[in-house]
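Here the structure comes first, spelled out in structure tokens, and everything after it is commentary.
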Amino acid sequence: MRNPVLYVSRDLEYDWLIALEFGRVVDGQPDDHFRRVGENFAYCLDGPDGDIVGFGVGDLTSFDVEAVPELWGGQHFDAPLLGLRDVPAGAIVLAAQAKLADKPTTNRMLFNLATNAEGEHALALWRQCLEAGDSMAHYSLGYTLLELGRAREGYGHLREYVEACPTNGWAWCWLGRAHEALSEFTDA
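In this note's numbering, the protein residues as written are 19 to 206.
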């Protein structure tokens with residue numbers, strides 16, 4: 019069995035670390051897609067009782083990874099951003115605390131800039147965020163394109179996002195708006 023190859027995302031404002039297989043999103047996933055280990059750590063699963071596809075850590079700067087033995091055994095991962103292969107979650111968290119303690123990953127820097135921008139400027143930043151590998155940007159890129167009257171371009175991004183996060187009601191709403199703008203009611 020191959021190790022999940024993780025895309026690492028670090029947000030300073032919320033002090034979290036998310037490490038997931040590329041193309042996946044953690045936001046809006048149902049509770050049965052997580053296996054909690056303590057108060058500030060959870061493995062992300064590909065479905066209820068499914069395979070581990072990554073993890074998330076809250077309060078990264080104060081998280082005592084060495085005090086959680088469950089993070090040092092079991093599933094191993096590859097984390098190219100941190101130069102790590104075949105390591106447990108604990109090693110990735112420790113490396114992220116050392117290398118990303120006071121700086122966000124590029125995707126989160128772009129994400130934060132994009133949330134405060136409008137129009138074509140926001141569009142350019144959302145594209146850069148997606149190009150930096152952040153699949154959450156599909157959602158914002160999709161609705162931004164729709165708001166700019168470019169429903170055909172926005173549709174694909176919204177469709178991609180609802181497939182990654184089918185429980186996000188707002189994403190389905192925006193996808194429905196894209197269908198309506200394209201006069202395609204069959205999938206809405």
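Every residue, glycine too, gets a C-beta built ideally from N, C-alpha and C.
*Find the nearest neighbour of D120 within the set L148, L35, R20 and V23, judged by alpha-carbon distance.*
Here residue 120 refers to the residue found at position 102 when the sequence shown is read from its first residue. Nearest of L148, L35, R20 and V23 to D120, Cα basis: L35.
*Other residues of its chain near F203: CB distance less than 8 Å, five sequence neighbours each side excluded*: Locating residue 203 in the sequence shown gives position 185, counting from the first residue. With a pLDDT of only 49 at F203, under 50, the local geometry of the prediction cannot be trusted, and the value read off the model is given with reservation. Hits under 8 Å: H197.
_D50 burial status per 10 Å Cβ neighbour count (16 or more: buried)_ = Stepping through the sequence shown from its first residue, residue 50 is reached at position 32. D50 comes out exposed.
*Between the CA atoms of D152 and F81 - distance to the nearest angstrom*: Here residue 81 is taken as the residue at index 63 of the sequence shown, counted from 1. Here residue 152 is taken as the residue at index 134 of the sequence shown, counted from 1. If you draw a straight line from the Cα of F81 to the Cα of D152, it comes to about 24 Å.
*L89 to L166 span [Cα, whole Å]*: One-based indexing of the sequence shown puts residue 89 at position 71. One-based indexing of the sequence shown puts residue 166 at position 148. Answer to the nearest angstrom: the Cα atoms are 45 Å apart.
_Assuming A60 is part of the alpha helix (DSSP H), what are its boundary residues?_
Within the sequence shown, the letter at position 42 stands for residue 60. First-last for A60: F59 to L63, but that is the beta strand (DSSP E), not the alpha helix (DSSP H).
*So, helix, strand or coil for G41, using DSSP?*
By one-based count along the sequence shown, residue 41 stands at place 23. Three-state DSSP puts G41 in coil, outside helix and strand.
*In the DSSP assignment, find the beta strand (DSSP E) that holds F129 and state where it starts and stops.*
Numbered from 1 along the sequence shown, position 111 holds the residue referred to as residue 129. Counting along the chain, F129 falls outside any beta strand (DSSP E), though it belongs to the alpha helix (DSSP H) covering T124 to T133.
*With a CB to CB cut of under 7 Å and the five nearest residues on each side skipped, what residues in its chain are close to F73?*
Within the sequence shown, the letter at position 55 stands for residue 73. Result list for F73: A37, F59, A60, Y61, C62 and A107, in chain order.
*Which word fits C191, buried or exposed, when buried means at least 16 other C-beta atoms lie within 10 angstroms of its C-beta?*
As a working note, residue 191 is residue 173 in the sequence shown. When all chains shown are included, C191 counts as exposed.
*For A116, count neighbouring C-beta atoms within 10 Å of its own C-beta (all shown protein chains included) and say buried if the count is 16 or more, exposed if not.*
Here the question's residue 116 lines up with position 98 in the sequence shown. Result: exposed.
*For G108, the three-state DSSP class (helix, strand or coil)*: Here residue 108 is taken as the residue at index 90 of the sequence shown, counted from 1. Reduced to three states, the DSSP call for G108 is helix.
*Which of helix, strand or coil DSSP assigns to F203*: Along the sequence shown, read from residue 1 onward, the residue named residue 203 stands at position 185. Summary for F203: the model assigns pLDDT 49, below 50, so the residue's position carries little reliability; its value from the coordinates is reported in the next sentence. F203 falls in the coil class under three-state DSSP.
_Residue from A85, I70, T162 and D69 whose Cα sits closest to the Cα of E57_ = Along the sequence shown, one-based indexing puts residue 57 at 39. Comparing Cα positions, the closest option is A85.
*What three-state label does DSSP hand A85 in the structure shown?*
Position 67 of the sequence shown, counting from 1, holds the residue named residue 85. Assignment of A85 by DSSP, reduced to helix, strand and coil, places it in the helix class.
_Residues bridged to H197 (per DSSP)_ = Within the sequence shown, residue 197 is the residue found at index 179, counting from 1. Partner(s): none; H197 has no beta bridge.
*Go through its chain and collect everything with a Cβ distance to P122's Cβ below 7 Å, but skip five positions before and after it.*
Numbered from 1 along the sequence shown, position 104 holds the residue referred to as residue 122. If the five residues before and after P122 are omitted, its C-beta is found closer than 7 Å to the C-beta atoms of R28, D29 and L30, all from its own chain and listed in chain order.
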